[in-house]
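I have placed the structure first, in the form of structure tokens, so that the comments after it can refer back to it.
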Amino acid sequence: MQRRTFVAAATLATGLSLAAGAQAQAKWDLPSAYPAFNFHSQNIAQFAKDVEAATGGALKITAHPGASLFKAPEIKRAVQGGQAQAGEFFMVSFQNEWPLFGLDGLPFLVNSYDEAFKLYQAQKPALEKKLDQQGLVLLYAVAWPPQGIYTNKPVNSAADLKGMKWRVYSPTTARIGELVGAQPVTVQEAELSQALATGVIEGLITSSATGADNKLFETMKYYYNVQAWIPKNAVVANKRAFSRLDKAQQEAVLKAAAAAEERGWKASREVDDQSIAKLKAGGMTVEPGSTQLKADLAKVGETVLKEWMEKAGAEGQSVMDAFKAAK
Ligand code: PCA
């Protein structure tokens with residue numbers, strides 16, 4: 007009798023400690039839209055590892071790269087709705103939601119990674135506030151390499167882009183397409199190779215990295231490295247999921263995020279050089295772009311910037327002022 011009571015008590019205790027253990031371990035899904043081998047995805051994988059180590063396994067983040075859990079346009083909403091506890095999204099594609107998401111997609115506003123980072127710092131307070139209102143916590147943001155133009159035929163001026171089926175990924179890239187008389191078609195990165203292979207698109211503006219990731223040298227002949235802008239991916243967490251972590255875990259997440267941000271910006275620069283080398287090795291002609299092409303794009307850029315400033319209002323103006331003061 008006594009022994010049975012002891013066994014029952016022991017079983018109960020084990021059950022309790024298991025329940026407590028289960029409660030203490032949080033599991034997060036972190037969907038993203040780019041291939042597992044892409045530098046943003048690798049950075050996320052390292053971030054997840056760092057968080058797991060720093061929390062002693064109490065928070066396990068499972069990364070789902072390659073748009074495998076949610077497609078690119080769905081990830082942000084999924085995190086807001088709590089279907090995923092964290093996620094990565096490409097900010098400029100959400101410009102219609104809030105003009106300042108499109109700040110880093112404005113043509114020729116920055117001309118280097120250093121300036122892009124300053125633009126990010128100017129944008130950050132407003133960005134954090136907006137995301138907070140949307141039920142999100144900004145963990146970190148990392149720049150893609152500068153954006154250039156891929157085509158199959160030589161392009162010496164904006165007139166050469168006329169009529170071209172032009173892949174777009176944001177309201178601004180669509181507007182640029184319109185202004186140069188191209189035919190904008192929205193295609194997600196995950197569908198890029200297929201769209202090129204089937205002739206759905208004939209030209210696009212993206213980074214050296216995305217060009218190399220998708221072996222664009224197999225379908226495109228030219229890369230005009232005009233460095234039009236340096237857009238960012240943001241990695242965010244659902245605010246409720248974040249607030250359910252204890253203080254030490256929250257700090258561990260933020261610390262790992264700060265490290266990921268620093269690592270990511272550094273990787274972006276390195277990946278840019280490596281990717282340009284890959285494009286050349288793949289047989290692509292890589293050029294800075296003619297003076298005429300750059301002048302034409304600068305003109306288009308002025309229109310885009312003016313339209314953006316009108317939409318972004320006082321908030322846009324104050325971020326722009328902060329950036330100019332820091333520049
Ligand atoms: N690659 C992504 C976003 C920006 C970039 O360089 C894309 O083309 O979709």
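Every number in this note's numbering is 6 more than the matching position in the sequence shown, counting from 1. Built from N, CA and C at the ideal position, the CB exists for glycine as well.
Alpha-carbon spacing of residue i relative to residue j, whole angstroms
{"i": "residue 243", "j": "residue 197", "result": "26 Å"}
{"i": "residue 215", "j": "residue 298", "result": "25 Å"}
{"i": "residue 155", "j": "residue 260", "result": "36 Å"}
{"i": "residue 320", "j": "residue 301", "result": "29 Å"}
{"i": "residue 165", "j": "residue 158", "result": "15 Å"}
{"i": "residue 89", "j": "residue 134", "result": "21 Å"}
{"i": "residue 49", "j": "residue 312", "result": "35 Å"}
{"i": "residue 291", "j": "residue 103", "result": "37 Å"}
{"i": "residue 28", "j": "residue 77", "result": "A caution first: residue 28 carries a pLDDT of 44, below 50, which makes its placement in the model unreliable, though a value can still be read off. The straight-line gap from Cα to Cα measures roughly 30 Å."}
{"i": "residue 167", "j": "residue 249", "result": "49 Å"}
{"i": "residue 266", "j": "residue 68", "result": "16 Å"}
{"i": "residue 268", "j": "residue 289", "result": "33 Å"}
{"i": "residue 40", "j": "residue 254", "result": "31 Å"}
{"i": "residue 213", "j": "residue 150", "result": "7 Å"}
{"i": "residue 247", "j": "residue 91", "result": "6 Å"}
{"i": "residue 152", "j": "residue 51", "result": "23 Å"}
{"i": "residue 87", "j": "residue 230", "result": "40 Å"}
{"i": "residue 74", "j": "residue 42", "result": "10 Å"}
{"i": "residue 175", "j": "residue 142", "result": "23 Å"}
{"i": "residue 98", "j": "residue 31", "result": "34 Å"}
{"i": "residue 116", "j": "residue 306", "result": "16 Å"}
{"i": "residue 55", "j": "residue 94", "result": "16 Å"}
Identity of the residues DSSP links to residue i by a beta bridge
{"i": "residue 95", "result": "240"}
{"i": "residue 213", "result": "153"}
{"i": "residue 3", "result": "Given a span of 7 to 333 for the chain in the structure shown, any question on residue 3 remains unanswerable."}
{"i": "residue 314", "result": "Paired residue(s): none; residue 314 is not in a bridge."}
{"i": "residue 293", "result": "230"}
{"i": "residue 36", "result": "69"}
{"i": "residue 146", "result": "241"}
{"i": "residue 191", "result": "173"}
Counted within 10 angstroms of its Cβ, other Cβ atoms place residue i as buried (16 or more) or exposed
{"i": "residue 314", "result": "buried"}
{"i": "residue 5", "result": "Only positions 7 to 333 of the chain appear in this structure, which leaves residue 5 out of reach."}
{"i": "residue 110", "result": "buried"}
{"i": "residue 173", "result": "buried"}
{"i": "residue 66", "result": "exposed"}
{"i": "residue 309", "result": "exposed"}
{"i": "residue 323", "result": "exposed"}
{"i": "residue 9", "result": "A caution first: residue 9 carries a pLDDT of 47, below 50, which makes its placement in the model too unreliable to give a value."}
{"i": "residue 270", "result": "buried"}
{"i": "residue 177", "result": "buried"}
{"i": "residue 63", "result": "exposed"}
{"i": "residue 162", "result": "exposed"}
{"i": "residue 204", "result": "exposed"}
{"i": "residue 257", "result": "exposed"}
{"i": "residue 118", "result": "exposed"}
{"i": "residue 219", "result": "buried"}
{"i": "residue 224", "result": "exposed"}
{"i": "residue 101", "result": "buried"}
{"i": "residue 388", "result": "Residue 388 lies beyond the residue range present for the chain, which begins at 7 and ends at 333; the question has no answer from this structure."}
Below-8 Å beta-carbon distance, residue i vs any chain C residue
{"i": "residue 131", "result": "Chain labels in this structure do not include chain C; a single protein chain is all it has."}
Practice item. Measuring from each Cβ to the nearest heavy atom of the ligand PCA, keep the ones under 5 Å and list them in chain order. Key: 150, 175, 195, 212, 213, 216
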